[in-house]
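Note sheet for the following structure.
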Amino acid sequence: MIEAAGVREHPQRLLTHSLNSTEEQAVPEPTHERWRPIIGWEGLYEVSDYGRVRSLDRVVNNWPSGTRRVPGRVLSPSRHRHGYRMYGLKLGTVRKLRTAHSLVAEAFIGPRPEGLQVCHNDGDPTNNMLANLRYDTPSENQTDIVRHGKHFHANKTHCPSGHAYAEHAYSIPSRPNARYCRACQRSGTA
Numbered sequence: 001m002i003e004a005a006g007v008r009e010h011p012q013r014l015l016t017h018s019l020n021s022t023e024e025q026a027v028p029e030p031t032h033e034r035w036r037p038i039i040g041w042e043g044l045y046e047v048s049d050y051g052r053v054r055s056l057d058r059v060v061n062n063w064p065s066g067t068r069r070v071p072g073r074v075l076s077p078s079r080h081r082h083g084y085r086m087y088g089l090k091l092g093t094v095r096k097l098r099t100a101h102s103l104v105a106e107a108f109i110g111p112r113p114e115g116l117q118v119c120h121n122d123g124d125p126t127n128n129m130l131a132n133l134r135y136d137t138p139s140e141n142q143t144d145i146v147r148h149g150k151h152f153h154a155n156k157t158h159c160p161s162g163h164a165y166a167e168h169a170y171s172i173p174s175r176p177n178a179r180y181c182r183a184c185q186r187s188g189t190a
């Protein structure tokens, strides 16, 4: 068992991906949130231009006692390992996990053109507001990652041997985007 702030939890039951914080679900004021049906889930779920998802009121089978009314509510997202917010949409036994940014883009911008991806203008995978999303090429999406300082290899400052990368320390004329360490090359460790 793990005790933290008076809460006991079993290690097997820890949910590190849940976003229960109201701070992370904050909606800017004044609220003029627009809601549209989620494509393929019309009448069951809606997505807002702020990136939130809600279920709609519905009647479900409650075997063996008949049916029951289930009130709609704003859903809590889970978090993908890369930081994207995900929602579990369910109809009977069919359950689909969808990213919030793809739901917003499909509902408000339109269907995703073939070969394009949904890109975040500010590089923040949790900012799923309509104004922050666009369709673009995979190449431009990777350029955005470098531009926002989130590309692992572009942020490297030292070679594996510990030599600092500097403009004069590496270059390959035939491969301008690749790096190698001249100090390692000279010593034969590269």
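For the record, in the sequence shown the residue sitting at position 37 is 37 according to UniProt numbering, with numbers rising by one throughout.
Cβ atoms here follow ideal geometry from the backbone N, Cα and C, with glycine treated the same way.
Bear in mind that the values here come from a model prediction, so they are computed numbers and not experimental data.
When the Cα atoms are used, L116 and R34 turn out to be separated by approximately 25 Å. Close CB contacts of I145 within its chain, under the 6 Å cut and outside five residues either way in sequence, are with H151 (chain order).
The segment 46-53 makes contact with the segment 95-111; the number of CB pairs closer than 8 Å reaches 3 or more. Three or more beta-carbon pairs drawn from the segment 116-130 and the segment 69-86 are found closer than 8 Å, and the two stretches are therefore classed as touching. One Cα belongs to N121, the other to N62, and the distance between them is close to 44 Å. Nearest to N132 by C-alpha distance, out of V94, C181 and A105, is A105. When DSSP states are grouped into helix, strand and coil, D144 belongs to the helix group. By the criterion of a C-beta distance shorter than 8 Å, P113 is surrounded in its chain by Y135, once the five residues flanking it on both sides are discounted.
Burial state of I39 is exposed, judged by a 10 Å Cβ sphere holding fewer than 16 other Cβ atoms. Bridge partners of S139 according to DSSP: none are assigned. Looking at the backbone, the Cα of V47 and that of C184 are separated by about 53 Å. Residue pairing for H120: DSSP places it in a beta bridge opposite L133. Between L75 and R58, the C-beta gap is not smaller than 8 Å, which leaves the two residues out of contact.
The C-beta distance from V60 to R68 rounds to 6 Å, short enough to fall under 8 Å. When DSSP states are grouped into helix, strand and coil, R36 belongs to the strand group.
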